[in-house]
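Here the sequence shown stands for residues 6 to 122, numbered as in the working numbering.
Ideal Cβ positions, reconstructed from N, Cα and C, are used throughout, including at glycine.
Have a look at the structure below before the remarks.
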Amino acid sequence: QVQLVESGGGLVQTGGSLRLSCAASRITTFTFSTNAIAWYRQAPGKQRELVAIIVSGGTTNYADSVKGRFTISRDNAKNTVYLQMNSLKPEDTAVYYCNTQFARWSWGQGTQVTVSS
C-alpha cells in the first residue's frame, strides 16, 4: 500500500509563495516514475479538484485557475512531487493532496494552505 505524505503548507498573505512536497513511500522509484502524479485541493464545502498534473515524461498541465502561478515538478529518485505556488490568492485556500491521475493510491492527510487577504 503506497503511503503519501504531503507537507509545506501554511499561512501566507495574498501574493505570497509556498512550496508543497509530496513524498511517496512503500513503492519503488521505477513504479513511481511511471505514474502521472497530480496535486488536488479541497476547499471547505467544495469538492476536491485537480489543480496540476505531471506525467512520467515530465509534461505538465494545470487548471485554468492556477495556470501561470503554480508549477508542478517531480524528483523520481526521491519519489517526490513538488508544487511551487506563487502569487497566492485567498481562493487558493484549501487542503492540498497528491495522488495519481485517477487517485489510485490511498489519500494522505493533506497539507493546509491558508491565504489571508
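query, result
"Rounded C-alpha distance that separates Leu-88 from Val-60", "14 Å"
"Thr-34, enclosing alpha helix (DSSP H) - first and last residue", "34-38"
"Residue from Ala-43, Thr-39 and Gln-8 with nearest C-alpha to Leu-25", "Ala-43"
"Own chain, CB closer than 8 Å to Gly-15, minus 5 neighbours either side, in chain order", "Leu-23, Gln-117, Val-118 and Thr-119"
"Spatial distance of Lys-72 from Ala-57 (CA atoms)", "9 Å"
"Below-8 Å beta-carbon distance, Cys-103 vs any chain D residue", "Included in the structure is just one protein chain, with no chain D present."
"Three-state secondary structure (DSSP) of Asn-84", "coil"
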